[in-house]
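Chains F and Z supply the protein sequences, listed in that same order. So the number in the numbering used here is just where the residue sits in the first sequence, counting from 1, plus 18. So the number in the numbering used here is just where the residue sits in the second sequence, counting from 1, plus 74. Heads up, the beta-carbon is just placed ideally off N, CA and C, and yes, glycines get one too. Below: the structure, in structure tokens.
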Amino acid sequence: QVQLQESGPGMVKPSQTLSLMCAVSGDSISSGNNYWSWIRQPPGKGLEWIGYIYYNGNTFYNPSLKTRVTILVDTSKNQFSLKLNSVTAADTAVYYCARAGIGGLDYWGQGTLVTVSS
Amino acid sequence: DIQMTQSPSILSASVGDRVTITCRASQSISYLLAWYQQKPGKAPRLLIYDASNLESGVPSRFIGSGSGIEFTLTIHSLQPDDFATYYCQQYNSYSPWTFGQGTKVEIK
Numbered sequence: 019q020v021q022l023q024e025s026g027p028g029m030v031k032p033s034q035t036l037s038l039m040c041a042v043s044g045d046s047i048s049s050g051n052n053y054w055s056w057i058r059q060p061p062g063k064g065l066e067w068i069g070y071i072y073y074n075g076n077t078f079y080n081p082s083l084k085t086r087v088t089i090l091v092d093t094s095k096n097q098f099s100l101k102l103n104s105v106t107a108a109d110t111a112v113y114y115c116a117r118a119g120i121g122g123l124d125y126w127g128q129g130t131l132v133t134v135s136s
Numbered sequence: 075d076i077q078m079t080q081s082p083s084i085l086s087a088s089v090g091d092r093v094t095i096t097c098r099a100s101q102s103i104s105y106l107l108a109w110y111q112q113k114p115g116k117a118p119r120l121l122i123y124d125a126s127n128l129e130s131g132v133p134s135r136f137i138g139s140g141s142g143i144e145f146t147l148t149i150h151s152l153q154p155d156d157f158a159t160y161y162c163q164q165y166n167s168y169s170p171w172t173f174g175q176g177t178k179v180e181i182k
């Protein structure tokens, strides 16, 4: 059973860096069979894709966030991370990590709410 | 970037109805489209991938179709558990992935 679990601070101050981790179990990131993605959803709004990473570190980011986003992978710990710098209130959202399988995002974490506030 | 436009934004229906949601891409995405169901406070659930393939464990009343720029999700005989918000998503390899804005299926 594949499971993903997000972790990280629930509140970040404006202009600081949002940092989240996604721990994967039931699948090996280093197998190279999937992409590993971050998605966010502001309260009451739709889904926004942030980016994905492959086991070898190759990344692809949403152009609207590209200058502020870094996604990294740690295959030894079977986890990947998200950093979003210079945050503002507009970055307040539920952040999800997910696995991109043969088609679409087939396994998701439960999501974690990150609030940007002083 | 490829824009995904869903319609309608809200759909009112009754149990037993057949409902159809449409998703239009701003350029051809071949068959690289997925549909998700999301309930309040929960992560999205993959229903359909590659436009028409049913994800394992998803009831057969969910039917996806289309290719190129126009896609549909049809729910045959709507069940109480189906009242939720539905999103399409394109995953063209050479473009940033994008979601539609969502369609809320509510009880009439």
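Cβ-heavy atom distance, residue i to the ligand FAD, below 7 Å
{"i": "Tyr160 of chain Z", "result": "As presented, the structure is devoid of all ligands, the ligand FAD included, so that no description of it is given."}
Beta-carbon neighbours of residue i, restricted to chain F and to distances below 7 Å
{"i": "Gly142 of chain Z", "result": "Those do not exist, as Gly142 of chain Z stays about 17 Å from chain F at its closest Cβ, beyond 7 Å."}
Contacts that residue i makes with chain Z (C-beta to C-beta distance below 8 Å)
{"i": "Gly64 of chain F", "result": "Tyr161, Phe173, Gly174, Gln175 and Gly176"}
{"i": "Gly44 of chain F", "result": "Those within 8 Å of Gly44 of chain F in chain Z number zero; the least Cβ separation is about 15 Å."}
Unbroken beta strand (DSSP E) run spanning residue i, endpoints
{"i": "Lys101 of chain F", "result": "Gln97 to Leu102"}
{"i": "Ser139 of chain Z", "result": "Phe136 to Ser141"}
For residue i, the nearest candidate out of the options (CA to CA)
{"i": "Ile71 of chain F", "options": "F:Gly50, F:Pro27 and F:Gln128", "result": "F:Gly50"}
{"i": "Thr106 of chain F", "options": "F:Pro60, F:Gln128 and F:Ile120", "result": "F:Pro60"}
{"i": "Leu121 of chain Z", "options": "F:Thr85, F:Gly121 and F:Val112", "result": "F:Gly121"}
{"i": "Asp155 of chain Z", "options": "Z:Tyr168, Z:Thr172 and Z:Val179", "result": "Z:Val179"}
{"i": "Ile149 of chain Z", "options": "Z:Ser126, Z:Leu106 and Z:Ser167", "result": "Z:Ser126"}
Contact check, residue i vs residue j, beta carbons under 8 Å
{"i": "Leu36 of chain F", "j": "Val30 of chain F", "result": "yes"}
{"i": "Ser48 of chain F", "j": "Met39 of chain F", "result": "no"}
{"i": "Val132 of chain F", "j": "Ala116 of chain F", "result": "no"}
{"i": "Trp56 of chain F", "j": "Tyr113 of chain F", "result": "yes"}
{"i": "Ala99 of chain Z", "j": "Ile76 of chain Z", "result": "yes"}
{"i": "Ser102 of chain Z", "j": "Ile143 of chain Z", "result": "yes"}
Cross-chain neighbours of residue i in chain F, by beta carbon under 8 Å
{"i": "Ala108 of chain Z", "result": "Gly121, Gly122 and Leu123"}
{"i": "Glu129 of chain Z", "result": "Gly122 and Asp124"}
{"i": "Ala158 of chain Z", "result": "Near Ala158 of chain Z there are no residues of chain F at all, since even the closest Cβ is about 13 Å away, more than 8 Å."}
{"i": "Pro170 of chain Z", "result": "Trp67, Phe78, Tyr79, Asn80 and Pro81"}
Cross-chain neighbours of residue i in chain Z, by beta carbon under 7 Å
{"i": "Tyr113 of chain F", "result": "Neighbours of Tyr113 of chain F on chain Z: none; closest Cβ ~11 Å, over 7 Å."}
{"i": "Gly28 of chain F", "result": "None at all; the shortest Cβ gap to chain Z is about 15 Å."}
Integer Cβ distance of residue i from residue j, believed to fall under 8 Å
{"i": "Ile68 of chain F", "j": "Leu22 of chain F", "result": "Wrong, their Cβ atoms sit about 14 Å apart, outside the cutoff."}
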